[in-house]
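Undergrad:
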Amino acid sequence: MALRIVPEGGWPPIPQKTAHPDRARKPARERGRQEDPAHLALIRKLPCLVTGSRERIEAAHIRMSDAAMGKRNAGVGAKPSDCWTVPLSAEKHREQHEGNERWFWERHGINPLRVAERLYDLSVALRGLGRPEAEIVQALTAIVNKARAEATGEPIGRGK
């Protein structure tokens with residue numbers, strides 16, 4: 001049998017954990033997916049970013065990442081935060097996710113991350129000021145129409 005070494009005076013008692021370590025709270029954007037149902041409801045009332053249609057509009061989450069925009073990939077099977085959404089018709093939404101998403105947006109000449117960022121910033125600001133929904137939708141529609149017009153060369157506000 002091996003000798004057991006005990007310090008003079010014995011071992012000190014094992015400290016009990018009484019509280020969790022004091023950790024600083026991470027900023028909201030670093031805590032995982034942020035949900036904003038009110039913003040998604042507004043996005044669904046806008047025209048399609050690609051076609052201008054107002055039929056069967058869905059809030060399309062942008063999955064691709066872009067370091068310049070501070071957009072990280074959410075990961076396999078994880079949905080991005082609601083701030084990274086744009087309005088797409090059901091048909092275009094399916095196309096967006098069927099193949100290479102970056103190629104989909106490049107083909108249409110649209111930077112969806114910039115549009116999503118503008119939509120979210122304005123949505124949050126106007127909702128924070130208590131503006132009426134109709135006014136918010138009108139302001140967000142102007143962003144969508146401008147982005148589509150820049151991409152297609154069509155006059156602003158000409159949807160299908």
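Numbering (full-length UniProt numbering), first residue to last: 1 to 160. Backbone N, C-alpha and C define an ideal beta-carbon position, used for all residues, glycine too. No experiment lies behind these values; they were computed from the predicted model shown.
Pick out whichever of R63, I5, P37, A41 has its Cα sitting closest to the Cα of P112.
TA: As a position in the sequence shown, residue 112 is number 112, starting the count at 1. The option with the nearest alpha carbon to P112 is R63.
Undergrad: To the nearest angstrom, how far is the alpha carbon of A116 from that of R56?
TA: By one-based count along the sequence shown, residue 116 stands at place 116. By one-based count along the sequence shown, residue 56 stands at place 56. Cα-Cα distance, rounded: 19 Å.
Undergrad: Determine which residues share a DSSP beta bridge with L88 and list them.
TA: The sequence position of residue 88 within the sequence shown is 88, counting from 1. Looking at the DSSP assignment, L88 forms a beta bridge with E58.
Undergrad: Compute the Euclidean distance between the alpha carbons of A149 and R114, then round it to the nearest angstrom.
TA: The residue you call residue 149 lines up with position 149 of the sequence shown. The residue you call residue 114 lines up with position 114 of the sequence shown. Roughly 15 Å separates the two Cα atoms.
Undergrad: Suppose you measure from the CA of P132 to the CA of H97; what does that come to, to the nearest Å?
TA: Your numbering for residue 132 matches position 132 in the sequence shown. Your numbering for residue 97 matches position 97 in the sequence shown. C-alpha separation (whole angstroms): 33 Å.
Undergrad: Helix, strand or coil, according to DSSP, for residue 244 in the structure here?
TA: It is not possible to answer for residue 244, since the shown part of the chain is limited to 1 through 160.
Undergrad: Between L46 and V144, is the Cβ-Cβ spacing less than 8 Å?
TA: Indexing the sequence shown from 1 puts residue 46 at position 46. Indexing the sequence shown from 1 puts residue 144 at position 144. Yes. Within cutoff.
Undergrad: With burial defined as no fewer than 16 other Cβ atoms inside 10 Å of the residue's Cβ, what is the status of W84: buried or exposed?
TA: The residue given as residue 84 occupies position 84 in the sequence shown. Label assigned to W84: buried.
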